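For reference, the structure discussed in these notes is given below.
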Amino acid sequence: MSTPDQDLTAQEPVDFEEMEAPPQSARPEGHVERTAADLEAVFDVPVRISVILGRTRMPVSDLLKMDTGTVIELDRQVGEAVEIFVNGRLVARGEIVLVEDKLGVTMTEIIKPQ
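Take 1 as the starting number for the sequence shown in our numbering and just add one per residue.
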């Protein structure tokens, strides 16, 4: 009986130029087509969405002087993109829009995870 090492050395040499690649399928093996219906189980999971309009720094003494109607200067310009966070993670950028006398956000760019 031969050992596995002897079986490998007893084979004829393989010419790699003559080897053919196996046919490639359109999808990787094990790939399953997914649809929105597959996510139905998580549709009711609540998430926290935050939109950062801008930031500023000020002393506590100025904060205590604020009253209704006080204007706070932020570090963003009008028309500049805002950041959209889901559960504390940056997921998109967007623009502020007015919808029936309410502020809203329209997404203009989806941030790919790194």
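Note that the Cβ used here is the ideal one computed from N, Cα and C, for glycine as well. Since we're looking at a predicted model, the values are computed, not measured.
Nearest-angstrom Cβ-Cβ length linking Ile110 and Val82, presumed shorter than 8 Å
For this step, residue 110 is matched to residue 110 along the sequence shown. For this step, residue 82 is matched to residue 82 along the sequence shown. With 8 Å as the limit, Ile110 and Val82 do not qualify as a contact, their Cβ atoms being about 14 Å apart.
Can you check whether the CB of Gly88 is closer than 7 Å to the CB of Met107?
Taking the sequence shown and counting its residues from 1, one reaches residue 107 at position 107. Taking the sequence shown and counting its residues from 1, one reaches residue 88 at position 88. Going by C-beta atoms, Met107 is not nearer than 7 Å to Gly88.
Phe85 to Gly69 span [Cα, whole Å]
Looking up residue 85 in the sequence shown gives position 85. Looking up residue 69 in the sequence shown gives position 69. Computed Cα separation, rounded: 27 Å.
Using the C-alpha atoms, what's the distance from Leu90 back to Glu40?
Within the sequence shown, the letter at position 40 stands for residue 40. Within the sequence shown, the letter at position 90 stands for residue 90. Answer to the nearest angstrom: the Cα atoms are 23 Å apart.
Separation of Val78 from Asp104, as counted between CA atoms
Here the question's residue 104 lines up with position 104 in the sequence shown. Here the question's residue 78 lines up with position 78 in the sequence shown. Asp is not the amino acid found at residue 104; the sequence shown has Gly there. Those two C-alpha atoms are separated by around 15 Å.
Using only alpha-carbon positions, find the residue among Thr56, Glu100, Leu98 and Ala36 that is nearest to Asp75.
By 1-based counting over the sequence shown, the position of residue 75 is 75. The candidate whose alpha carbon is nearest that of Asp75 is Thr56.
Who are Gly69's beta bridge partners in DSSP?
To locate residue 69, count along the sequence shown from 1; it is residue 69. Answer by DSSP bridge pairing: none, since Gly69 is not bridged.
With DSSP run on the structure shown, which of helix, strand or coil describes Leu63?
Within the sequence shown, residue 63 is the residue found at index 63, counting from 1. Reduced to three states, the DSSP call for Leu63 is helix.
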